[in-house]
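Since the structure comes first, as structure tokens, the remarks are kept for the end.
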Amino acid sequence: MSRQISDQDLSEWQRQIGDDVAISKLSLPGTHNSAASHLSLFSVKCQGAPITEQLNHGVRFLDIRVSTPFFNDPKGWFGKNKKDLQVIHGQFPVKLPTPVKLHGVLDEVYGFLEKHPSESVIVSIKSEGRDKWEGQDFPNLIWDEYVSPKQDKWYLSPSIPRMGECRGKVILFRRFGVDDSKKNSYGIDASWWQYNTTMDDRGNYVVQDWCEVMKKDDINTKSQYVKDHLSRAIEYNSTDSQNPKLYVNFCSGANFFDPDCWPKKVASGLTSLKIEDNYGKGCGIVVLDYIERENWKEVKTLVSTNY
7 MSRQISDQDL
17 SEWQRQIGDD
27 VAISKLSLPG
37 THNSAASHLS
47 LFSVKCQGAP
57 ITEQLNHGVR
67 FLDIRVSTPF
77 FNDPKGWFGK
87 NKKDLQVIHG
97 QFPVKLPTPV
107 KLHGVLDEVY
117 GFLEKHPSES
127 VIVSIKSEGR
137 DKWEGQDFPN
147 LIWDEYVSPK
157 QDKWYLSPSI
167 PRMGECRGKV
177 ILFRRFGVDD
187 SKKNSYGIDA
197 SWWQYNTTMD
207 DRGNYVVQDW
217 CEVMKKDDIN
227 TKSQYVKDHL
237 SRAIEYNSTD
247 SQNPKLYVNF
257 CSGANFFDPD
267 CWPKKVASGL
277 TSLKIEDNYG
287 KGCGIVVLDY
297 IERENWKEVK
307 TLVSTNY
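Per my numbering: the sequence shown = residues 7 to 313.
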């Protein structure tokens, strides 16, 4: 570790990053299914700490998947209408018996940034589960209900920002398509990459998201794909390229039917295979499950590479 990082450092670690540094040049701790930290199915839960605690401990990329309410509940516990999106993992709510709502997650992010205006948080939003959206219904809902009312709190350019452009802002990492007329004002377009990819280069972002960890031995394979992608990011970001790329490296994978391949077991397996030994300056967005383990050790290691 190039420097010792305290918990206080983690809450405002981007304060030390120059305004002219593109966020793609950073090592950014992220969480997979970030809000899945509550009582739920064992195969659904992915984190042991809630959103605000993650942010206070240095996480700067949140992965949020949403769906319309599962139940028609007139009291509003589960969402009164289709606009009140809830957070899910695959087909299942991330909290039982009542849901986590997208409004609540975003309010936590806004609250964190108000207290720590030197920081910026990338929020990935994706529709998942049983919904069948027509045309532009989903992007219109996200814009009208969630982004537009708080537009001053968002960085919505499609280009990768420098720190001076996005401090105190939520950067939208948009995992859904929009009409061409909206693409210049609706966040970073990350609407598609190949499923189960070991490396998919989409121009302004490059993804490793090999997730089919079907048996325990596949954790070794997953580890190698993570390490390979870390090396690609570090190599690219060590150059003076004028074409910034976000390297996004998902360390998650699971098999619903095999307890040895549930998120916590995969996360522990990757730790034992020492993926953090491959962290280095400019290794991109590293998206982890159970990121709080070992007193946030991997976050501290990632953040330290930026200095």
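Backbone N, C-alpha and C define an ideal beta-carbon position, used for all residues, glycine too.
Counting the other Cβ atoms within 10 Å of the Cβ of residue 294 gives 16 or more, which makes it buried. Under the DSSP assignment, residue 230 falls in the alpha helix (DSSP H) whose first and last residues are 224-243. Under DSSP, residue 28 forms a beta bridge with 168. Contact check between the segment 182-189 and the segment 62-77: fewer than three CB pairs, one atom from each, fall below 8 Å, which does not count as touching. In the three-state reduction of the DSSP assignment, residue 146 falls in the helix class. Exposure of residue 230 is indicated by the presence of fewer than 16 other C-beta atoms within 10 angstroms of its C-beta. Taking C-beta atoms as the reference points, residue 218 and residue 259 count as a pair closer than 8 Å. Here residue 36 is buried. Its C-beta has 16 or more other C-beta atoms within 10 Å.
In terms of CA proximity to residue 162, 195 leads the group 107, 195, 105 and 27.
Nearest neighbour of residue 90 by Cα position, chosen from 177, 99, 107 and 42, turns out to be 107.
The C-beta of residue 21 has fewer than 16 other C-beta atoms within 10 Å across all chains shown, which makes the residue exposed. For residue 279, the closest of 309, 246, 228 and 241 by C-alpha to C-alpha distance is 228. For the pair residue 111 and residue 127, the CB atoms are not nearer than the 8 Å cut-off.
When the five nearest sequence neighbours on each side are left out, the beta carbons in the same chain lying within less than 7 Å of the beta carbon of residue 27 are those of 168 and 169, in order along the chain.
Counted as a single uninterrupted DSSP element, the stretch harbouring residue 103 is not any beta strand (DSSP E), since DSSP gives it neither H nor E. Cβ atoms of residue 191 and residue 122 stay farther apart than 8 Å, at about 26 Å. Shown here, residue 156 sits in a helix according to DSSP, grouped into three states. Excluding its 5 nearest sequence neighbours in each direction, residue 200 has C-beta neighbours in its own chain below 8 Å: 206, listed in chain order. In the displayed model, residue 301 falls within a helix according to three-state DSSP. Contact check for residue 233 against residue 30 fails: the beta carbons are separated by 8 Å or more.
If you draw a 10 Å sphere on the C-beta of residue 64, you find 16 or more other C-beta atoms in it, and that means buried. Taking 8 Å as the cut-off, the beta carbon of residue 312 is found closer than this to the beta carbon of residue 33. Each of 117, 62, 47 and 253 was checked against the Cα of residue 19, and the nearest Cα belongs to 62. If you draw a 10 Å sphere on the C-beta of residue 198, you find fewer than 16 other C-beta atoms in it, and that means exposed. For residue 95, the three-state secondary structure derived from DSSP is strand.
In this structure, the beta-carbon distance from residue 100 to residue 146 does not fall below 8 Å. The beta carbons of residue 215 and residue 130 sit no closer together than 8 Å.
Going by C-alpha positions, residue 114 is about 16 Å away from residue 158.
Straight through space, the alpha carbons of residue 265 and residue 274 are spaced by roughly 13 Å.
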